Amino acid sequence: MDLDLLLSTALSAVTLAAYVHTLCPGTPGGDAGELLQVALELGIAHPPGYPLWTMMAHGFSRLPLRNTTAAWRVNLSSAVYGALAAGTLSLGVGSWSGSPWAGVAAGGAFAFSPLVWEYSVQCEVFALNNLLCAAMLLALLRFDARRTVGRAGAGAFAVGLALSNQHTAVFFGAPFALWALLAGRTALLRPAPLLLLAAAGLAGLSPYLYLVARGGESAAWGSWGETSTVRGFLTHVLRLEYGTFRLANTPAATDAEFGLRLRRFSESLSEELPPYAAPIALLGLFSSFGWLGTGRGGGGRGGGGGGGGGGGGGATAGAAAAGGGAGGGGGNAASLQDSRGAPVAVAVGAAFALYSLLFLWLANLPASSAFYLQVQRRFWTQPLLLVAAWFGLGVATLTSRLAPRRPAAAAALSLLLVAAHASHPFAGGGRVADCADVPLFDAFGGEVLRALPDKRRVLLLTVGDEVVNSVRYLHRALAVRQRLTILDLNYAQFRWFVRRAARAGAGFDGVSWPGDAYGSSPGSFLMEQLLDANYDAFEVYVCGGMHPRDESWRRGYQLWPVGLVSQVVRRGTPFDAQEWAARSARALPRLAFARPPQPGSWAEVVARNHYVPAYALRPFALLEAAYAAKGHAAAERALFNAAARLYDETVAVELNGSLRMPEYVWRNLGVAHSQLLRIEPGAAARAAARRRAASAFLRYLAHDTVDAADRETVEQAVLSLADT
Numbered sequence: 001m002d003l004d005l006l007l008s009t010a011l012s013a014v015t016l017a018a019y020v021h022t023l024c025p026g027t028p029g030g031d032a033g034e035l036l037q038v039a040l041e042l043g044i045a046h047p048p049g050y051p052l053w054t055m056m057a058h059g060f061s062r063l064p065l066r067n068t069t070a071a072w073r074v075n076l077s078s079a080v081y082g083a084l085a086a087g088t089l090s091l092g093v094g095s096w097s098g099s100p101w102a103g104v105a106a107g108g109a110f111a112f113s114p115l116v117w118e119y120s121v122q123c124e125v126f127a128l129n130n131l132l133c134a135a136m137l138l139a140l141l142r143f144d145a146r147r148t149v150g151r152a153g154a155g156a157f158a159v160g161l162a163l164s165n166q167h168t169a170v171f172f173g174a175p176f177a178l179w180a181l182l183a184g185r186t187a188l189l190r191p192a193p194l195l196l197l198a199a200a201g202l203a204g205l206s207p208y209l210y211l212v213a214r215g216g217e218s219a220a221w222g223s224w225g226e227t228s229t230v231r232g233f234l235t236h237v238l239r240l241e242y243g244t245f246r247l248a249n250t251p252a253a254t255d256a257e258f259g260l261r262l263r264r265f266s267e268s269l270s271e272e273l274p275p276y277a278a279p280i281a282l283l284g285l286f287s288s289f290g291w292l293g294t295g296r297g298g299g300g301r302g303g304g305g306g307g308g309g310g311g312g313g314g315a316t317a318g319a320a321a322a323g324g325g326a327g328g329g330g331g332n333a334a335s336l337q338d339s340r341g342a343p344v345a346v347a348v349g350a351a352f353a354l355y356s357l358l359f360l361w362l363a364n365l366p367a368s369s370a371f372y373l374q375v376q377r378r379f380w381t382q383p384l385l386l387v388a389a390w391f392g393l394g395v396a397t398l399t400s401r402l403a404p405r406r407p408a409a410a411a412a413l414s415l416l417l418v419a420a421h422a423s424h425p426f427a428g429g430g431r432v433a434d435c436a437d438v439p440l441f442d443a444f445g446g447e448v449l450r451a452l453p454d455k456r457r458v459l460l461l462t463v464g465d466e467v468v469n470s471v472r473y474l475h476r477a478l479a480v481r482q483r484l485t486i487l488d489l490n491y492a493q494f495r496w497f498v499r500r501a502a503r504a505g506a507g508f509d510g511v512s513w514p515g516d517a518y519g520s521s522p523g524s525f526l527m528e529q530l531l532d533a534n535y536d537a538f539e540v541y542v543c544g545g546m547h548p549r550d551e552s553w554r555r556g557y558q559l560w561p562v563g564l565v566s567q568v569v570r571r572g573t574p575f576d577a578q579e580w581a582a583r584s585a586r587a588l589p590r591l592a593f594a595r596p597p598q599p600g601s602w603a604e605v606v607a608r609n610h611y612v613p614a615y616a617l618r619p620f621a622l623l624e625a626a627y628a629a630k631g632h633a634a635a636e637r638a639l640f641n642a643a644a645r646l647y648d649e650t651v652a653v654e655l656n657g658s659l660r661m662p663e664y665v666w667r668n669l670g671v672a673h674s675q676l677l678r679i680e681p682g683a684a685a686r687a688a689a690r691r692r693a694a695s696a697f698l699r700y701l702a703h704d705t706v707d708a709a710d711r712e713t714v715e716q717a718v719l720s721l722a723d724t
């Protein structure tokens, strides 16, 4: 085994050990719950379908590893991909630079960056994308070393395989392929080689056949799209429901934020690597283009294994080692300058520029939002791979200039930089990738399901990725609330979903569909119609609230909060406040936040949109009922008293360090007590209500987030209390 391969293998092993040590135990937020459940049932994930990832994740889920869960085993697959990506990058950069130790520096810099580490320990598609992009880079460098049809075919296969996992691979594959065709045009631009390249590329794309085989009306529960038809297949693979290369199925209203998005991306590069990495990476970038003079280091590398320079035509001497063994091991960074014609650095630089400019322009999520920024950041590991490659080239250049005849210097510097990066607080590997929030999402999904009756004919309507993706693994794989029917309103907006759901055995038996999709287009249905069609057959609950643009349900229905869900109740239904208060108290969520939610994180979404409202909406429901009972003195008095009591309990709740109780809770507490002034018969009770109302209003006014108009209104209410 040559030194390149030995060191790359060792780096992969060390990286895998670090990743497994910090592996997420369950399902994190985002798309992880969907991807996991789809992989377990061999379904079809959201566009473009991720067929390669799905099949491989299914294989990992079936590994006979004792005392592990399916979620842990699929998370393990990401760790394996991430570790292999580090080793593959190390192998490529070691060959490109002529120094295997510089390859270790590049692979280590990439593997232990916080963002790469984070998505290498959880169920997501990005670690596999990193591996496939590293494989494309390695194939490019091997072709540059020896420009044969066989190596070009290997590169075409790598490009196709990468595209079968994630579309963003095209921003590497296109410039790499174009450069290879131009550089090897004498050998490649002929009918037979072009046919071979096309066949290799199609072979790489072959995992997309999985979408055809597993699509259609018999697709697994939770599958996206109608991929068994040509039109549906193209719609899914090209993400036409979103817009190809777009990140959201919304109008492109954030293109004006391209400058901000580019700035955030540039800032993230410095955050992912330690401070000393930027100048070294720039040095490597310049050296790859031969802009650092003509000095030549010693200890050049040979062309063992058929990797010698002769077949390359215009290959660099350093890159010739891509197919061969180690020579003296001291490196020869200056050999990067020896290209006849455009160096391979042109393809690498073009890939970085294409990704940094075109993809960031197409990404239509606002960079001004902390939440949507973290959604976009997941895609930034791909260009970071090239920055890490330049970092490795910079290390090779430094050692070849400072100690050209001392290979031990390259080894020492590379190991020192990798160790410093992995352990430096700036890198934050353990901090970022400790998965502290993962138990929260598992618990969140469990608490949603716990709030529901465990019986047949219960229908849960879900709104929001954090809701449906947190419950689907528990419900489908672990059989929690197995008799429950879950209907996600985002899925229901698509006609292919309603057609599939209406089929017997699709998991929606007994659900009536009053139209062909949820929405306002012709032939569709609104929430009121869906509830009218199913209210008598199901006990209906909603988690995440109703769709904000559909108010139709308010005419005939109301929501009564029960823990993290709300029961849909037809207006006019007799209401037992005491029974509901006891039931809703039992359903209050018991969530433990390992740390205060970070801005923009999924933990913050759970805390802000679900955990806090579960407590705050409970007394508010009684307050609304009390206002609706005006004219019925006894009921009105009982409900206002109950609302005031629940608000008193709510403001005393400690939310486990997640978020503070919203200030409006104090306002509503004051409102509840002030209403008792009007209906309490006893003077002592009215005096107590006055004191409590004034105290609550003053607590509300102490918040600096109260707007001017509301502040004036509440101040007038406080003054009026003094006059009564």
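Be aware that the sequence shown starts at 1, since it is given in full-length UniProt numbering, and climbs by one per residue. Here a beta-carbon is modelled for each residue, glycine too, at the ideal position from N, C-alpha and C. Here the structure is a predicted model, which is why all the values come from computation and not from measurement.
Shown here for Phe494: same chain residues with a beta carbon closer than 7 Å to its own, the five before and five after excluded, namely Ala517 in chain order. With a contact defined as Cβ atoms closer than 8 Å, Ser61 and Ala70 qualify at about 5 Å.
In this structure, the straight-line span from the alpha carbon of Leu622 to that of Leu639 is close to 6 Å. Judged by DSSP secondary structure, Val212 falls outside any beta strand (DSSP E) and instead within the alpha helix (DSSP H) spanning 209–214. Using a Cβ distance threshold of 8 Å, Trp666 and Tyr700 count as a contacting pair. With respect to the C-alpha of Val395, the residue from Phe525, Leu440, Val93 having the closest C-alpha is Val93. For Leu413, the closest C-alpha among the options Thr399, His421, Pro404 is that of Thr399. Here the alpha carbon of Phe620 sits roughly 52 Å from the alpha carbon of Ala85. Per DSSP, the continuous beta strand (DSSP E) segment holding Leu459 begins and ends at 458–462. Just so you know, the alpha carbons of Trp179 and Ala10 end up roughly 32 Å apart. The residue among His167, Gly173, Ser12, Leu163 with its C-alpha nearest the C-alpha of Ala152 is Gly173. Minimum Cα-Cα distance from Gly201 among the listed residues Gly150, Arg503, Val230, Glu217 corresponds to Gly150. Counting along the chain, the unbroken beta strand (DSSP E) around Leu487 starts and ends at 485–488.
The beta carbon of Leu189 is closer than 8 Å to those of Leu181 in its chain, skipping five residues each way along the sequence.
Arg483 sits exposed, since fewer than 16 C-beta atoms from the chains shown fall within 10 Å of its C-beta. Arg645 has its alpha-carbon roughly 17 Å from the corresponding atom of Arg678.
Between Leu530 and Trp513, the alpha-carbon positions lie close to 7 Å from each other.
Exposed is the label assigned to Ala582, since fewer than 16 other Cβ atoms lie within 10 Å of its Cβ. Distance between Gly392 and Gly82, taken at the CA atoms: about 18 Å. If you ignore the 5 residues before and after Arg481, its C-beta comes within less than 7 Å of the C-beta of Leu449, Leu452, Asp454, His475, all in its own chain and listed in chain order. Three or more Cβ pairs drawn from the region 256–268 and the region 356–373 lie within less than 8 Å of each other, which places the two stretches in contact. Contact check between the region 158–166 and the region 49–63: three or more CB pairs, one atom from each, fall below 8 Å, which counts as touching. In this structure, DSSP gives Glu712 a helical state, which the three-state scheme calls helix.
Here Asp550 is near Leu526, since their CB atoms are less than 8 Å apart.
Inclusion of Gln37 and Asn75 in the CB contact set at 8 Å is not warranted, their separation being larger than that value.
For Trp560, the enclosing beta strand (DSSP E) covers residues 557–562.
With the rule of 3 Cβ pairs closer than 8 Å, the region 18–30 does not count as touching the region 87–103.
Runs of the alpha helix (DSSP H) spanning 4 or more residues and lying entirely within the region 92–136 occur at 100–111, 114–118, in chain order. Around the CB of Gln578, fewer than 16 other CB atoms lie within 10 Å, so the residue is classed as exposed. Along the length of the region 662–692, whole alpha helix (DSSP H) runs at least 4 residues long occupy 664–679, reported in chain order.
Beyond the five residues adjoining it in sequence on each side, Ala411 comes within less than 7 Å, by CB distance, of Trp101 in the same chain, given in chain order.
In this structure, the beta-carbon distance from Val540 to Leu459 falls below 8 Å.
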